[in-house]
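Residues in the sequence shown are numbered consecutively from 23, following our numbering.
Glycine is no exception: its CB is placed at the ideal position from the N, C-alpha and C atoms.
Bear in mind the structure is a predicted one, so any value in this text is a computation, not a measurement.
Some notes on the structure that comes next.
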Amino acid sequence: IPSLGIKIDSTPGRLNQTLILINRPGIFFGQCSEICGINHRFMPIAIESTNLLNFKK
């Protein structure tokens, strides 16, 4: 997600997790950043950030 400065590589068959603190709510979009296969350009990424009170609901 370029606007958040995040880049995490994925590996088939493995689950990647990370913890980040986003100080502003919203939906942030990204795109696959490596030429990884035939459908590379059709791999959009979205992260939704909400405040802690909404998250706990």
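Report all residues from its chain with a CB closer than 8 angstroms to the CB of Thr40; omit the five preceding and five following residues, and keep chain order.
Taking the sequence shown and counting its residues from 1, the one referred to as residue 40 is at position 18. Within the same chain, Thr40 has close Cβ partners Ile28 and Ile30.
What does a CB cutoff of less than 8 angstroms around Ile42 pick up in its chain, not counting 5 residues either side in sequence?
Taking the sequence shown and counting its residues from 1, one reaches residue 42 at position 20. Closer than 8 angstroms at the Cβ level, and outside the excluded window around Ile42, lie Leu26 and Ile28.
Measuring CA to CA, which of Lys78, Asn76 and Glu70 is closest to Ile23?
Reading the sequence shown from its first residue, position 1 is the one you call residue 23. Selected option, being the one with the closest Cα: Glu70.
So, Ile49 versus Ala68, is the Cβ gap smaller than 8 angstroms?
Here residue 49 corresponds to residue number 27 of the sequence shown, with the count starting at 1. Here residue 68 corresponds to residue number 46 of the sequence shown, with the count starting at 1. Yes; because the gap between Cβ atoms is below 8 angstroms, this pair is in contact.
Quick one: grab the DSSP three-state call for Pro66.
Position 44 of the sequence shown holds residue 66. Residue state, collapsed to three classes: strand.
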